[in-house]
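Read the structure below first, then the notes.
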Amino acid sequence: MERKHGFSTRAIHGARTPPVEQETPSVPIYQTATFRFETSQDFAETIGFRRPGFTYTRGYGNPTLQAFESLMAGLEGTESAFSFASGMAAIHTVLTTTAAAGDRVVASNELYGGTYSLFTKVLPRYGIEVSFVSPHDPDAVAEALPGAKLFYVETIANPNVTVADLEALGALCRAAGVPAAVDNTFASPYLCDPARFGFDYVIHSATKYIGGHSDLIGGVVSGSEERVAELRSTVIETGGTMAPLEAWLSMRGLATLSLRMDRHSANARRLAEFLDGHSKVEQVHYPGLPSHPQHDVAKRELRGFGGMLAFDVAGGVDAGSRTCDSLKLAWVGGSLGGTLTLVAHAASTTHRQMDPEARRAAGIGDGLIRLSVGLEDPEDLIEDFAQALEKA
Ligand SMILES: Cc1ncc(COP(=O)(O)O)c(C=O)c1O
Numbered sequence: 012m013e014r015k016h017g018f019s020t021r022a023i024h025g026a027r028t029p030p031v032e033q034e035t036p037s038v039p040i041y042q043t044a045t046f047r048f049e050t051s052q053d054f055a056e057t058i059g060f061r062r063p064g065f066t067y068t069r070g071y072g073n074p075t076l077q078a079f080e081s082l083m084a085g086l087e088g089t090e091s092a093f094s095f096a097s098g099m100a101a102i103h104t105v106l107t108t109t110a111a112a113g114d115r116v117v118a119s120n121e122l123y124g125g126t127y128s129l130f131t132k133v134l135p136r137y138g139i140e141v142s143f144v145s146p147h148d149p150d151a152v153a154e155a156l157p158g159a160k161l162f163y164v165e166t167i168a169n170p171n172v173t174v175a176d177l178e179a180l181g182a183l184c185r186a187a188g189v190p191a192a193v194d195n196t197f198a199s200p201y202l203c204d205p206a207r208f209g210f211d212y213v214i215h216s217a218t219k220y221i222g223g224h225s226d227l228i229g230g231v232v233s234g235s236e237e238r239v240a241e242l243r244s245t246v247i248e249t250g251g252t253m254a255p256l257e258a259w260l261s262m263r264g265l266a267t268l269s270l271r272m273d274r275h276s277a278n279a280r281r282l283a284e285f286l287d288g289h290s291k292v293e294q295v296h297y298p299g300l301p302s303h304p305q306h307d308v309a310k311r312e313l314r315g316f317g318g319m320l321a322f323d324v325a326g327g328v329d330a331g332s333r334t335c336d337s338l339k340l341a342w343v344g345g346s347l348g349g350t351l352t353l354v355a356h357a358a359s360t361t362h363r364q365m366d367p368e369a370r371r372a373a374g375i376g377d378g379l380i381r382l383s384v385g386l387e388d389p390e391d392l393i394e395d396f397a398q399a400l401e402k403a
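Convert by adding 11 to the 1-based position in the sequence shown; the result is the number in this note's numbering.
Following this line, the structure appears as structure tokens:
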């Protein structure tokens with residue numbers, strides 16, 4: 012009789028995935044780093060991408076990550092997608108895959124503070140130069156593009172919610188033969204699908220609207236099979252892969268993205284209209300307001316105007332801080348795209364990395380308050396901002 016394995020061996024080797032015939036509404040979480048092969052040759056062929064299969068979750072792939080990636084590619088209208096540990100890991104990988112020492116990249120001067128910091132502090136250490144242009148000045152963009160390895164822009168810019176004319180910018184990049192990358196985080200895949208304007212890399216911080224509940228950190232890039240394969244090769248060596256649970260949470264988030272974005276947009280519009288008429292508010296920045304400088308671009312390009320807005324309180328930084336600190340329902344805090352309303356004073360928090368001159372060039376006033384409008388009842392939000400502005 013064969014000797015029975017000991018307790019430890021049985022505990023380690025005894026678990027088996029049962030065969031599942033039926034479909035389930037959510038994809039299983041393959042919480043695993045590695046996968047078994049029948050033979051070393053199978054392993055060698057799979058890790059060399061000469062046959063399909065999974066070898067190692069860091070970069071080589073994982074069934075749960077692959078499910079999220081193919082869902083994203085389908086929603087973005089691209090051939091493929093690749094998931095990352097964070098939005099910044101995604102952006103870093105796109106930049107370091109397309110550019111190397113001695114190369115130059117052209118970027119919008121209206122960017123999330125973390126991206127600006129990556130471009131001005133980290134990439135120069137690799138010998139990659141970034142030149143900044145206004146995405147709203149097509150002549151300046153056309154002049155800067157020749158010889159660049161990449162053009163980089165945000166669909167709706169963080170924090171002052173200007174809207175880039177992606178159709179025009181995509182055409183300029185194609186004419187110059189420069190690959191184009193767009194951070195589509197503020198719009199989400201539901202409001203905008205930039206691949207149709209010829210953008211080669213569509214980037215999201217999945218932490219925001221894709222996840223939608225402020226409970227995960229993740230990133231994703233959609234593009235052609237060839238470009239995604241290049242990103243994968245970088246990540247296999249650098250790490251920065253999404254974790255399976257995060258991919259599962261992201262898929263759960265995507266299932267309700269359209270409903271959430273419609274409600275975020277409706278709430279933001281109500282709040283923008285309220286703030287716009289308020290005596291203590293100098294300016295409201297919201298693509299849905301006819302006064303917004305790119306309102307027409309937004310109408311053409313976006314399926315809705317989104318949940319992000321910004322406003323300047325009369326009285327500058329101090330009045331802005333008093334307003335934030337007096338809010339009872341909305342939270343003062345970082346991140347965006349979740350169910351609850353969050354406010355941030357841009358100059359001292361999300362965009363602290365930019366020097367005052369760069370902030371001014373990007374149109375970020377010293378008192379600008381960025382608002383991620385959540386899914387609460389709009390009357391409650393308006394009441395909260397009304398009482399806070401009284402103390403401004
Ligand atoms: C527009 C935008 N892109 C990228 C990021 C970075 O994403 P993550 O925090 O997931 O690294 C952020 C984060 O706030 C963002 O607002």
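For every residue, glycine included, the Cβ atom is placed at its ideal position computed from N, Cα and C.
- prompt: Any idea which residues DSSP pairs residue 319 with across the strands?
  reply: 383
field: Proximity of residue 309 and residue 295 at Cβ, strictly below 7 Å
entry: no
- prompt: Taking 6 Å as the cut-off, is the CB of residue 171 close to at least one heavy atom of ligand 1?
  reply: no
field: alpha helix (DSSP H) segment containing residue 228, residue limits
entry: Run containing residue 228: none; DSSP gives neither H nor E here.
task: Could you check the C-alpha separation between residue 398 and residue 388 for me, to the nearest Å?
output: 16 Å
query: Within this structure, are the beta carbons of residue 102 and residue 259 separated by less than 7 Å?
result: no
- request: Would you decide whether residue 62 is buried or exposed? Buried here means 16 or more other CB atoms lie within 10 Å of its CB.
  value: exposed
- prompt: Which runs of the alpha helix (DSSP H), 4 residues or longer, sit entirely within the stretch 181–231?
  reply: 199–202
query: Across which residues does DSSP place residue 355 in a beta bridge pair?
result: 381
- request: Look up residue 396 in the DSSP assignment and give the residues it is bridged to.
  value: Answer by DSSP bridge pairing: none, since residue 396 is not bridged.
query: Would DSSP call residue 140 helix, strand or coil?
result: strand
- request: Leaving aside the five residues before and after residue 243 along the sequence, list all residues of the same chain whose C-beta is less than 7 Å from its C-beta, in chain order.
  value: 70, 93
- prompt: With distances taken from CA atoms, which of 75, 227, 120, 97 is nearest residue 367?
  reply: 120
field: Candidates 392, 46, 89, of which the one nearest residue 239 by Cα
entry: 89
- prompt: Where does the unbroken alpha helix (DSSP H) through residue 282 begin, and where does it stop?
  reply: 268–287
task: Using only the heavy atoms of ligand 1, determine whether one of them is closer than 6 Å to the beta carbon of residue 98.
output: yes
- request: Please report the Cβ distance between residue 234 and residue 267, rounded to the nearest whole angstrom; I am assuming they are in contact, meaning their Cβ atoms lie under 8 Å.
  value: Residue 234 to residue 267, Cβ: 25 Å. No contact.
- prompt: Tell me, which residues are paired with residue 133 by DSSP?
  reply: Looking at the DSSP assignment, residue 133 forms no beta bridge with any residue, so it has no partner.
task: State the start and end residues of the unbroken beta strand (DSSP E) segment that holds residue 163.
output: 161–165
Helix, strand or coil at residue 46 [DSSP, three-state]: coil
query: ligand 1 heavy atoms versus the CB of residue 391: any closer than 6 Å?
result: no
message: Just to confirm, is the Cβ distance from residue 149 to residue 110 under 7 Å?
response: no
- request: Give a yes or no on whether the C-beta atoms belonging to residue 173 and residue 198 are separated by under 7 Å.
  value: no
- prompt: Curious, which full-length alpha helix (DSSP H) runs of at least 4 residues does the stretch 49–125 contain?
  reply: 51–58, 74–87, 98–109
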